[in-house]
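So the sequence shown is numbered by my numbering: it starts at 10 and just counts up by one.
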Amino acid sequence: MKKILSKISIVSFLALIMLLVTTFAIPCTPAQGIVGPPPLIANPQECWGVFVGVGEYEHGWGNPLNRADAEDLYNIISPVWGASHMQLLEDSQATKSDVLDSVDWLANQADSNDTVLFFISALGDVDSILCYDTWGSAGQINPTELANAFDSVNAGKIVIILQVWGSGAFQTALSENGRVVIMSSGVGESAWIPSELEHSVFGGYVIQAFQNFEATDTNHDYRLSAEEVFESAGPATTQYEVSNSYPDIQHPLIDDGYTGDLPLIDKFVFENNVTLPAGATAVTIDGTNYTSEPQTRIWAPGSSHTITVPELVSAGTGTRYVFTGWEGGGTSSTIYTSYGSYTADYNKEYQLTLTSPYNTPTGDGWYVDGTSASFSITASLETSDTKRFFTGWSGDFTGTAASGSIVMNAPKSITANWRTEFLLTINSVYGAPTGAGWYDEGDSANISVEEVQGFIIRQIFDGWTGDLTSTAASTSVTMNAPKVITATWHTDYLQLYILIGIVVVVVAGIIITIVLVRRKGTTPRPPAAAPPTYSPPPPTAAPPPPPAR
């Protein structure tokens, strides 16, 4: 049992080590923005700052580089946080009461959701900050007084940076959850202000940390935190003094009571994965269109900004860019964010145009650059009087097959070519006209018919009507469409009339001939005798027959 428990303990220990290694070794990826409507924040986060620089004192001594520390840091952060959220106290404006009043101003302005930054660069004593009106202890702020002043500041995030001699003496009094206290030197240590740096050593490196965002943002999360500022400025301060053989080396301190990193500045970077056409809107940031990228913004931490990219960008005839999503995830063209690096992914697309006077080819449309487009068409089309036959493709593709494919590396235009046949129909109630049938478009069709039909009663050809008007029995017609031609006729009775006349003449002659012949061959009769006297016949004798004629 002990062996089993021992193995379990070893496995658990190794798992813990792997978890720690994974947590700290894997670089942080930029946070993705919110997709959809922006969150409704009843009490949005704000940032408030006080910058104090005492370069000269009421009684004549001091160092103007302390004032330069406060001025330059104020000028860096003010455009980001907003001038109305900042106070800059210099020299005579930085009496003890002025400084403590500025902390009261922070307390009145900031709430639990806000960030507060208090920076002071001034001379110091063993355990106090020397304000402008210092004369003895009257113008000095000790750790307890500063701590009491900050007790009324209820901001959720508080950063106090003290560029003061021996500022480590303030650590215990100011240490509290939710605060990051950064001190330029340990207890009793000097805070050097060399003229060659134009700043105090520590104050100058703090300013450099804000100016060199990329180098200071060591976890690459596009947020500059108080901890990262110290990690940059603290060691650099000590190293500078060691390298220059300072007699008293200062060792900056940090007291971090904030869970995680406390962000002071957010950075937003936008770019596209393609180069959009000149003049086209690349991105819209908070309602303003920008035609170039990358676009970089420095914003106050926790602020929300609207980022919109065009879903479709025309690049001329037949070419366009289509938004496909954000690198790393998300397909909405609008996001809401304050920090991170965002790359909008676009596909470059080309248009395939298919042209055909007949039928409807399939496959035309938009295709991603470099992909293959397949297309096809029905190869024949037939009606009662027209036949069309696909003969091949021309333009950016050639071939005789009814289907094909092409690589879309540019706009493409392809035309389907056809051969057409038209039907020639010839109608005639008489005879057998020739020439009817199918002809290629544009061909000449020869037609003919016998001009006379029948005997005795004849049909005489008059001409062609319909899609051809002509009186010639043999002619031609151009087949540029289906044609229907009709032969027209009229009936001729002349030969019938001649025949009838001949018959009449012949019959009349025969009759006349007969009559004449009869008259010529007959003997004339004698004159009639007087009637005889009646004598009764003998009773037994029959009467004689009448004489023959």
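The beta-carbon is built from N, C-alpha and C at its ideal position, and this holds for glycine as well.
The beta strand (DSSP E) spanning residue i covers which residue range?
i: GLU358; result: 349–364
i: ASP449; result: 446–449
i: GLY62; result: 56–62
i: ASP265; result: 262–265
i: GLN180; result: Careful: GLN180 lies outside any beta strand (DSSP E), inside the alpha helix (DSSP H) at 180–183.
i: PHE464; result: Segment: none, PHE464 is in no beta strand (DSSP E) and carries neither H nor E.
i: ILE8; result: Not covered by the structure: residue 8. The range shown for the chain is 10 to 558.
i: ILE494; result: 492–501
i: TYR330; result: 328–335
i: SER323; result: 321–323
i: ILE191; result: 188–192
Where does residue i fall in DSSP's three states?
i: TYR214; result: helix
i: SER15; result: Its pLDDT being 45, under 50, SER15 is placed unreliably by the model, and the measurement read from it follows with that caveat. Residue state, collapsed to three classes: helix.
i: VAL526; result: helix
i: LEU28; result: A caution first: LEU28 carries a pLDDT of 41, below 50, which makes its placement in the model unreliable, though a value can still be read off. Note: LEU28 maps to helix in three-state DSSP.
i: ALA51; result: Caution applies to ALA51, whose pLDDT of 47 falls short of 50 and renders its modelled position unreliable; the model cannot decide the point.
i: PRO36; result: Because the pLDDT at PRO36 is just 40, under 50, the model does not fix this residue reliably, and the point stays unresolved.
i: MET10; result: Unreliable placement is indicated for MET10, whose pLDDT of 43 sits below 50; the coordinate value is still reported in the next sentence. Correct three-state label for MET10: coil.
i: LEU390; result: strand
i: VAL108; result: helix
i: LEU171; result: strand
i: VAL486; result: strand
i: THR153; result: helix
i: TYR299; result: strand
i: ASN163; result: coil
i: ARG558; result: With a pLDDT of only 45 at ARG558, under the threshold of 50, the placement of this residue in the model should not be trusted; the figure read from the coordinates follows. Coil.
i: GLY440; result: coil
i: LEU126; result: strand
i: ASP142; result: coil
i: GLY45; result: Only weak support exists for where GLY45 lies, its pLDDT of 48 falling under 50; the coordinates are left without a value.
i: TRP114; result: helix
i: ALA158; result: helix
i: GLY338; result: coil
i: LEU508; result: helix
i: GLY133; result: strand
i: SER121; result: coil
i: GLY518; result: helix
i: SER479; result: strand
Do residue i and residue j have their C-beta atoms closer together than 8 Å?
i: TYR348; j: PHE279; result: no
i: VAL61; j: VAL125; result: no
i: ASN211; j: SER193; result: Contrary to the premise, residue 211 reads as Phe rather than Asn in this sequence. In contact: PHE211 and SER193 (Cβ atoms closer than 8 Å).
i: LEU271; j: GLU302; result: no
i: SER385; j: SER412; result: yes
i: LEU139; j: LEU183; result: no
i: THR284; j: ILE316; result: no
i: ILE216; j: ILE85; result: yes
i: PHE579; j: TRP427; result: Residue 579 lies beyond the stretch modelled for the chain, which goes from 10 to 558, so this question has no answer here.
i: ILE466; j: HIS499; result: no
i: THR300; j: ALA289; result: yes
What do you get for residue i, buried or exposed, if any count of 16 or more other CB atoms within 10 angstroms of its CB means buried?
i: ASN455; result: exposed
i: GLN172; result: buried
i: LYS529; result: exposed
i: ALA490; result: exposed
i: ILE423; result: buried
i: HIS94; result: buried
i: THR225; result: buried
i: THR143; result: buried
i: THR443; result: exposed
i: ARG397; result: buried
i: GLY69; result: exposed
Could you name the residues that DSSP lists as bridge partners for residue i?
i: GLU99; result: GLY62
i: VAL278; result: THR305 and SER350
i: HIS314; result: THR346
i: ASN455; result: SER485
i: PHE399; result: TRP427
i: ILE415; result: ALA382
i: TRP70; result: Its beta-bridge partners do not exist; DSSP assigns none.
i: SER93; result: For SER93, which the question treats as bridged, DSSP gives no partner whatsoever.
i: PHE470; result: TRP498
i: PRO2; result: As shown, the chain starts at 10 and ends at 558. That puts residue 2 outside it, with no answer to give.
Starting from residue i, trace the alpha helix (DSSP H) in both directions and tell me its first and last residue.
i: TYR376; result: TYR376 -> not in any alpha helix (DSSP H); beta strand (DSSP E) instead, spanning 374–377.
i: ASP405; result: ASP405 -> no alpha helix (DSSP H), and no H or E assigned at all.
i: ILE202; result: Looking at the DSSP string, ILE202 is not in any alpha helix (DSSP H), and its letter there is neither H nor E.
i: LEU82; result: 73–90
i: ASN426; result: Premise fails: ASN426 lies in the beta strand (DSSP E), 421–436, not in any alpha helix (DSSP H).
i: SER241; result: 235–252
i: THR225; result: 222–225
For the ligand NAP, is there any heavy atom lying closer than 7 Å to the beta carbon of residue i?
i: TRP473; result: In the structure on display, the ligand NAP does not appear, and there are no ligands present to speak of.
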